[in-house]
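In the order they appear, the protein sequences are chains A and B. Okay, so the first sequence: first residue is 0 according to numbering that gives the first Met the number 0, each after it adds one. Okay, so the second sequence: first residue is 0 according to numbering that gives the first Met the number 0, each after it adds one. Heads up, the beta-carbon is just placed ideally off N, CA and C, and yes, glycines get one too. Just so it is clear, the structure is predicted and the values come from calculations on it, not from any experiment.
2 protein chains.
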Amino acid sequence: MTSTGFGFQVTATDGAARRGAFETPHGRVETPAFMPVGTQGAVKAVTWRDLEQVGAQIVLGNTYHLSLRPGDELIARRGGLHRFVNWSRPILTDSGGYQVFSLAGRRRVTEEGVWFQSHLDGARHLLSPERAVDIQARLGSDIAMILDECVASPGDEATARAAVERTRRWARRGRDRFLALRAGGVEGVTVTNPGQAQFGIVQGGVYRALREESVQATLDIGFEAYAIGGLSVGEPPPVMYDVVEYTAPLLPADRPRYLMGVGTPWDLVEAVARGIDLFDCVLPTRNARNGQLFTRTGRLNIKNARYAEDERPVDEACGCYTCRHASRAYLRHLFMAGEIAAATLNTLHNLTFYLDTMRRIRDAIVFGSFASFRAAFRETCTARLLD
Amino acid sequence: MTSTGFGFQVTATDGAARRGAFETPHGRVETPAFMPVGTQGAVKAVTWRDLEQVGAQIVLGNTYHLSLRPGDELIARRGGLHRFVNWSRPILTDSGGYQVFSLAGRRRVTEEGVWFQSHLDGARHLLSPERAVDIQARLGSDIAMILDECVASPGDEATARAAVERTRRWARRGRDRFLALRAGGVEGVTVTNPGQAQFGIVQGGVYRALREESVQATLDIGFEAYAIGGLSVGEPPPVMYDVVEYTAPLLPADRPRYLMGVGTPWDLVEAVARGIDLFDCVLPTRNARNGQLFTRTGRLNIKNARYAEDERPVDEACGCYTCRHASRAYLRHLFMAGEIAAATLNTLHNLTFYLDTMRRIRDAIVFGSFASFRAAFRETCTARLLD
Chain A
0 MTSTGFGFQV TATDGAARRG AFETPHGRVE TPAFMPVGTQ GAVKAVTWRD
50 LEQVGAQIVL GNTYHLSLRP GDELIARRGG LHRFVNWSRP ILTDSGGYQV
100 FSLAGRRRVT EEGVWFQSHL DGARHLLSPE RAVDIQARLG SDIAMILDEC
150 VASPGDEATA RAAVERTRRW ARRGRDRFLA LRAGGVEGVT VTNPGQAQFG
200 IVQGGVYRAL REESVQATLD IGFEAYAIGG LSVGEPPPVM YDVVEYTAPL
250 LPADRPRYLM GVGTPWDLVE AVARGIDLFD CVLPTRNARN GQLFTRTGRL
300 NIKNARYAED ERPVDEACGC YTCRHASRAY LRHLFMAGEI AAATLNTLHN
350 LTFYLDTMRR IRDAIVFGSF ASFRAAFRET CTARLLD
Chain B
0 MTSTGFGFQV TATDGAARRG AFETPHGRVE TPAFMPVGTQ GAVKAVTWRD
50 LEQVGAQIVL GNTYHLSLRP GDELIARRGG LHRFVNWSRP ILTDSGGYQV
100 FSLAGRRRVT EEGVWFQSHL DGARHLLSPE RAVDIQARLG SDIAMILDEC
150 VASPGDEATA RAAVERTRRW ARRGRDRFLA LRAGGVEGVT VTNPGQAQFG
200 IVQGGVYRAL REESVQATLD IGFEAYAIGG LSVGEPPPVM YDVVEYTAPL
250 LPADRPRYLM GVGTPWDLVE AVARGIDLFD CVLPTRNARN GQLFTRTGRL
300 NIKNARYAED ERPVDEACGC YTCRHASRAY LRHLFMAGEI AAATLNTLHN
350 LTFYLDTMRR IRDAIVFGSF ASFRAAFRET CTARLLD
C-alpha cells in the first residue's frame, strides 16, 4: 500500500461497533461521527457559530457546487475552503460524482470522466478522476474522496459490475494524481492543505461477490481510509444493513470506515453495530426545513395543528438552544408564517439530535452497553411518527 | 390628562437632542432607541439570542399579522406575546392600521373602523379603534399604539385634515377602551400585561397648522406618550425633517417622542437632532436580505462582483459576529448562492450598525458632542454608495 498514516485509533469496541478517533490537519474527530452537510460552503440555515455550539466536529462540503460557484480556483486564491468560509475544524469533500451522476439528461459518462452541464448556466464541464482530485486539492479539505461511478438505484448485476470496474480504473487514476500532487505538484494546481487524506470508495451494489471484488481492488490501490458507496439509493434498509454487515469487516480495522450518504438516526445505529465509523446525510438539515423534527420518542411534523398551543419543547430531553427557548407552539407558528427563523431553529434541533445520538453511541461503546442502547433506540426512535 | 406615569427621564440634552430612558414592565429602554421590526413574532432571519447579542432593548411586533396568525386569542391563551415568543425585553406593538390601510382594493374605511380582507385567506375583518386596543391587550405588549387613519402618501390638505379629524375621534374611542380595560376589564378581553402603556399618534401630513391641531387634540385626550405618524410615506427627507422640527417641540418634554417607520441611519440622526427619542423601521432587516449593508463609510451591495475576492469584513470598525467572522467574499458567495445564512449574517450586521449608531448618538449627547457627531456622520455615512 502507498497510503500514509491517518492517525486513526480504536479505543474501545463493543461487538462490531468501534469507538475511536482520527487526526486531520484541522484537528481530531471522535468516531463514530456524523458530518452535517454544508453543500455550498454553509450548512443550510445555520452559521458556523451554531455548528460549533451543537458540537459538529467535521462537516462535508460538495465539490460539484463549490467548483461551479464560487469556483475552486477562487477558493484556492483565498487560501482554501477553511479560510474562505472561516471554519477551523475538519472538512471532508465529496468527489462531485454523486451530483454529476444525478444530472439526468445533462451528463454523459465516458471512460475519461463525466461530461455534464452546469445547473447554473448550462456550461459544459468534464469531471474526470484527475479533475476531482485537483478541485479538492484547491479546496484543501482534510479528506478528499475519489471519483467513483455512482449507480442511481440498486440496479442489476451487470450495471453494478460495470460500475465496480470503472470505479477501480478511476480510483487508480485518482490515486496516481493525488500522489503526484503530494510528491511535488502538478502545474496549475494549488494545494491548499498539504496534509489532505484521500479515501477510496467501494462499489458493488447489493451483490456480495462484487462488493468483495471492489474491496480488494480498492485495498490494492491503497488509500488513507475507505468508504462504502452506492447505498441508500432506494434499496430497502435491511438490504443496506446486509451489505454493510458483510462489507465493513473486509475493510482494514485500523482505518475509519465511512458509509456515504446515510442516513436516518436508526440507520446510523444499525451501521455502527456493523462496524461503521463515519456518516454524512442531508436528512437532519433538509427535514428541519420541511418541519420534520427528530426526538428521543419519535419524529414529529411541527406543522401539525395539534402543536398550535403545545408549550412543550420539541424534545424534553434535548439541551439545544431551540428546545431551551422555543415551544412547539412557537415553532409551529414560525413554520406556518414562513419565517426564516423556523429553518434555523429546526436545523439547530435536528443537528443536535444527530450529534447527541453519536455521543450516546460513543458512550455506549465505551461502557459496553451498545447492545442495550441499540435495542432501546430501535424501540423509541425508529420510524415512529408522533403525530 | 388621564395618563399614568411612564417613568421617562431625560438625563442629558444637547441642543434639541435628548438622552434618557423609560421604564416598561419588561425593563428599561435607553433613548434615543431604535426598535428592530419583528412582524410575525420574529425579527426576520435572526433568533432572539441574536437580538440580545446585538443589544436590542426593545422590538416592534405587528398587530395586523399577529392577529391573523397565530391569532391574538391564541397568544393570550399562551400568556401573551412575550411568553409565546420567549423574549423577556420590552415590546411595542403597532395598531395594525398601517398594514390595513396598505391593503389597497381590499379595505373600506368607515367611521366605525376599517373593513379589510385578510391577505392570508380573504376573510373579512373589522379593525376598529376598540378592536386595535383589545388585540394589543391580548398580545400584552409593553407599549400599545392607538389606531389612527394613515394617509398613504403626503396627500393634499383636505385629505390630511380628514385624517387628523378621524384620528382624533378614533383616539378618543381607543383611549376610552384602554382605560375601561385598565379599570376592570371588558368581557372577552384578556389583558396579559396590566402595565401596558398606550401612545397617541399625531397626524397632519406636511401641514403645520394641521400638525399643531393634531398635537393639541392628542394631548387633550392624554396618553402615556406620543408618536408622530404619517411621515416617511414618500415626502422628500427635508420636508420630513421640517415637520419633525416643528412638531416635536409641541410634544411634552417629559414623555418619549416616537417617530414611526423612520428610517435611514441619517434620518435617525437628523430626527434625534430635532428631539425624537424612539424609532422603528424595516430598513436594516429588509435591506440585509436584499444584500445592502450599512457601514461607517457608506452603503455597499454585497452582490457586486468587486467583492468576490475581498477579504475585508463589511465594516472594519464593526464588532458584530458577521464582521468578526465573515469576509465580504464569503458573504457575497452566500448571497449569490441563495444561502439562508446570507440573510442571517447580513441582518446581524445591519442591526448592529443601527444599534451601534443609537449608542454613539446616546454617548454623543452625554458628552455634548452631538453636533460634531452629526456633522461627521452626514459626511461619511449618508446616501453614499461604496460600489
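So does the segment 24 to 35 of chain B actually touch the segment 72 to 79 of chain B, counting three or more Cβ pairs closer than 8 angstroms?
-> Between the segment 24 to 35 of chain B and the segment 72 to 79 of chain B there are fewer than three inter-stretch CB-CB distances shorter than 8 angstroms, so the stretches are not counted as touching.
From LEU385 of chain B to ASP49 of chain B, what does the alpha carbon distance come to, in whole angstroms?
-> Rounded to the nearest angstrom, the two C-alpha atoms are 27 angstroms apart.
Cα separation between GLU315 of chain A and ILE57 of chain B?
-> Rounded to the nearest angstrom, the two C-alpha atoms are 30 angstroms apart.
Taking one C-beta from the segment 181 to 195 of chain A and one from the segment 109 to 117 of chain A each time, how about it: are there three or more such pairs within less than 8 angstroms?
-> Judged by Cβ distances under 8 angstroms, the segment 181 to 195 of chain A makes no contact with the segment 109 to 117 of chain A, as fewer than three pairs qualify.
Give the residues from the segment 61 to 85 of chain B that approach chain A closer than 7 angstroms (Cβ to any Cβ), ordered along the chain.
-> The segment 61 to 85 of chain B vs chain A, Cβ under 7 angstroms: ARG68, PRO69, LEU73, ARG76, ARG77, PHE83, VAL84 and ASN85.
For GLY154 of chain B, which option in B:PRO235, B:ARG256, B:GLN116 and B:CYS280 has the closest C-alpha, if you only look at C-alpha atoms?
-> Checking every option, the nearest Cα to that of GLY154 of chain B belongs to B:PRO235.
Segments assigned beta strand (DSSP E), at least 3 residues, entirely inside the segment 157 to 236 of chain A | Whole beta strand (DSSP E) segments, 3+ residues: 196 to 201 and 224 to 227.
Hey, how far is the Cα of ARG323 of chain A from the Cα of ASN85 of chain A?
-> Approximately 28 angstroms between the Cα atoms of the pair.
May I ask you to list the residues that DSSP assigns as paired with ARG256 of chain B?
-> Answer by DSSP bridge pairing, in chain order: B:TYR225.
Check whether the Cβ of GLN116 of chain B lies closer than 8 angstroms to any Cβ atom in chain A.
-> Answer no: the Cβ-Cβ gap between GLN116 of chain B and chain A never drops below 8 angstroms.
Where ALA287 of chain B meets chain A, residues with beta-carbon distance less than 9 angstroms = Under the 9 angstroms cutoff, chain A gives no residues; its nearest Cβ is about 11 angstroms from ALA287 of chain B.
State yes or no: is the C-beta of TRP169 of chain A nearer than 7 angstroms to some heavy atom of the ligand ATP?
-> Only the bare structure without any ligand can be found here, which leaves the ligand ATP out of the picture.
State the Cα-Cα distance for the pair ARG373 of chain B and MET144 of chain B, rounded to the nearest angstrom.
-> Rounded to whole angstroms, the gap between the alpha carbons of ARG373 of chain B and MET144 of chain B is 30 angstroms.
Between LEU138 of chain B and chain A, is there a C-beta pair that is closer than 8 angstroms?
-> So no, LEU138 of chain B is outside the interface.
Roughly how far, in whole angstroms, is the beta-carbon of TYR240 of chain B from the beta-carbon of ARG273 of chain B, given that I think they are within contact range, below 8 angstroms?
-> About 7 angstroms; that satisfies the 8 angstroms criterion.
Cβ contact (3+ pairs, closer than 8 angstroms) linking the segment 239 to 253 of chain B and the segment 332 to 343 of chain B = As far as the Cβ criterion goes, the segment 239 to 253 of chain B does not touch the segment 332 to 343 of chain B, which means the pair count is below three.
According to DSSP, is ALA16 of chain B helix, strand or coil?
-> The DSSP-derived three-state label of ALA16 of chain B is strand.
Could you give the distance in angstroms between the alpha-carbon of GLY60 of chain A and the alpha-carbon of ARG181 of chain A?
-> A direct Cα-Cα distance of roughly 21 angstroms separates GLY60 of chain A from ARG181 of chain A.
Compare the C-beta of ALA328 of chain A with all C-beta atoms of chain B and state if any pair is closer than 8 angstroms.
-> So yes, ALA328 of chain A belongs to the interface.
Tell me which same chain residues have a C-beta within less than 6 angstroms of the C-beta of THR3 of chain B, skipping the five on either side of it?
-> Confidence at THR3 of chain B is low in this model, with a pLDDT of 48, below 50, so its placement is unreliable and the value that follows should be read with caution. Non-local C-beta neighbours of THR3 of chain B in its own chain, meaning closer than 6 angstroms and more than five positions away in sequence, are absent.
So is LEU333 of chain A in contact with chain B if we call contact Cβ pairs under 8 angstroms?
-> Yes - at least one Cβ of chain B is within 8 angstroms of the one on LEU333 of chain A.
Where ARG174 of chain B and THR379 of chain A are concerned, what is the direct C-alpha to C-alpha distance, given to the nearest angstrom?
-> THR379 of chain A has its alpha-carbon roughly 55 angstroms from the corresponding atom of ARG174 of chain B.
Using a Cβ-Cβ distance under 8 angstroms, would THR343 of chain B count as near chain A?
-> Nearest CB-CB separation between THR343 of chain B and chain A: below the 8 angstroms threshold.
DSSP state of GLN8 of chain A, grouped into three classes?
-> Annotated three-state conformation of GLN8 of chain A is strand, per DSSP.
Could you give the DSSP three-state label for HIS124 of chain A: helix, strand or coil?
-> In this structure, HIS124 of chain A counts as strand in the three-state DSSP scheme.
Find the residues of chain B that neighbour GLU310 of chain A, judging by a C-beta separation of less than 8 angstroms, and give them in chain order.
-> For the C-beta of GLU310 of chain A, the chain B residues within less than 8 angstroms are, from N- to C-terminus, ARG77.
How about PRO264 of chain B and LEU350 of chain B: are their beta carbons less than 8 angstroms apart?
-> The Cβ atoms of PRO264 of chain B and LEU350 of chain B do not sit closer than 8 angstroms to each other.
Quick one: is LYS302 of chain A near chain B, going by C-beta distance under 8 angstroms?
-> Cβ-Cβ to chain B under 8 angstroms: no for LYS302 of chain A.
For the beta strand (DSSP E) that LEU299 of chain A lies in, which residues bound it at each end?
-> 297 to 300 is the span of the beta strand (DSSP E), which, as asked, contains LEU299 of chain A.
Identify the continuous beta strand (DSSP E) that holds ARG107 of chain B and give its terminal residues.
-> First-last of the beta strand (DSSP E) with ARG107 of chain B: 106 to 108.
Along the chain, where does the alpha helix (DSSP H) that runs through GLU51 of chain A open and close?
-> Following the DSSP letters along the chain, one finds GLU51 of chain A inside the alpha helix (DSSP H) bounded by residues 47 to 53.
Return the first residue and the last residue of the alpha helix (DSSP H) that VAL268 of chain A is part of.
-> In the DSSP annotation of this structure, the continuous segment of the alpha helix (DSSP H) that includes VAL268 of chain A starts and ends at 264 to 271.
Measure the CB-CB distance between ILE142 of chain A and SER66 of chain A and report whether it falls below 8 angstroms.
-> Not in contact: ILE142 of chain A and SER66 of chain A (Cβ atoms no closer than 8 angstroms).
Range covered by the beta strand (DSSP E) that runs through ALA143 of chain B = ALA143 of chain B -> beta strand (DSSP E) spans 142 to 144.
Kindly identify the DSSP beta-bridge partner or partners of THR92 of chain B.
-> Note: THR92 of chain B sits in a beta bridge opposite B:GLY60 and B:ALA143.
Give a yes or no on whether 8 angstroms exceeds the smallest Cβ distance from ARG240 of chain A to chain B.
-> Per the sequence presented here, residue 240 of chain A reads as Tyr, with Arg not at that position. Chain B places no beta carbon closer than 8 angstroms to that of TYR240 of chain A, leaving this residue out of the contacts.
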